[in-house]
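Comments concern the structure below.
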Amino acid sequence: MTAAPATAPPAAAFWQRRVVTPIVNQLKQGITPEKIALTIALGLLISIFPIIGATTLLCGLVAFALRLNQPIIQIVNYLAYPLQLILLIPFYRAGEYLLGLKPVPLNIRLLFARFRADAGQFFKDFGLIALGGVLVWLVLAPFAGAAIYYATRPFLRALAARIHAR
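The numbering of the sequence shown is the working numbering, which starts it at 5 and goes up by one.
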C-alpha cells in the first residue's frame, strides 16, 4: 500500500505558519504588542501606496528607520498586495479630482501602448495622476494608520497576556 500524496496545507495552516507564528515568536522574545501593532499598521498602510513596485522598499526603509520587524512588515505588505491593486484607480481618480485634472482612461493596454510609444511622454502624462494618487494617500494615511493601530493593539495585548501567562 502506498502513502497518499501530500496535499497542500489548508488556508488556516498557511495563516498560522506565515502570520500568527512570527507574531507569537516576536511576543515571546519581548517585543511589545504596541510595536507589533505599529508594524502591522504601517505595513498595511504602506502596502496600499499607489505606486506599484514601491511598497517593498518603502516598508523596508520604514521598518529600518523605526526599528520594526522586517519579516512582519513585509508579510503584511505582501498579503495586502491585492488591496493595493483594488485601490489604485480610486486613488488616481481622487487625485485627478484633487488636482483638477481631466480624467484619463486607465486601461492597461492603453497604458502599455503609450509607454512603449514614448516613455518620457508617458511619465509626463501619467506622472501628475500618480502624484495626485500619492497626495490622496498622504491625506488618508494618518487616519487609516491610527485606525489600524488601535484596532490591532487590543488583540495583540490579549495574545501577549496569554503567551506570558503560560
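Virtual Cβ for every residue (Gly too), placed ideally from N, Cα, C.
Quick one, are the C-beta atoms of residue i and residue j less than 8 Å apart?
i    : j    : result
G137 : G99  : yes
A134 : P54  : yes
L102 : L139 : yes
L91  : I56  : no
I need the straight-line Cα distance from residue i to residue j, nearest angstrom please.
i    : j    : result
A169 : P26  : 19 Å
A164 : Y154 : 16 Å
W62  : I50  : This sequence places Leu at residue 62; Trp is not what is there. Each residue's alpha carbon lies about 7 Å from the other.
L48  : L105 : 28 Å
L115 : V108 : 10 Å
V24  : L110 : 37 Å
F126 : R120 : 9 Å
K39  : P94  : 30 Å
If residue i and residue j are in contact, beta carbons under 8 Å, what's the gap, nearest whole angstrom?
i    : j    : result
N81  : T43  : Not really, about 11 Å apart at Cβ, beyond 8 Å.
A45  : G149 : 5 Å
L160 : P75  : Between P75 and L160 the Cβ distance is about 16 Å, and since that is not below 8 Å, they are no contact.
T156 : A69  : The Cβ separation is near 20 Å, so there is no contact.
L184 : I167 : No statement about residue 184 is possible, as the shown extent of the chain runs from 5 to 170 and does not include it.
D129 : R113 : That belief does not hold up - the Cβ atoms of D129 and R113 are roughly 16 Å apart, past 8 Å.
Is residue i buried or exposed, if buried means 16 or more other CB atoms sit within 10 Å of its CB?
i   : result
L87 : exposed
W19 : exposed
Grab me the residues of residue i's own chain with a C-beta within less than 6 Å of its C-beta, minus the 5 sequence neighbours each way, in chain order.
i   : result
S67 : Residue identity differs from the one stated: residue 67 is Ala in this sequence, not Ser. Contacts found: Q74 and I77.
T59 : I50, S51, F53 and N81
Apart from the five residues on each side of it in sequence, which residues of its chain come closer than 8 Å, Cβ to Cβ, to residue i?
i   : result
I35 : N73
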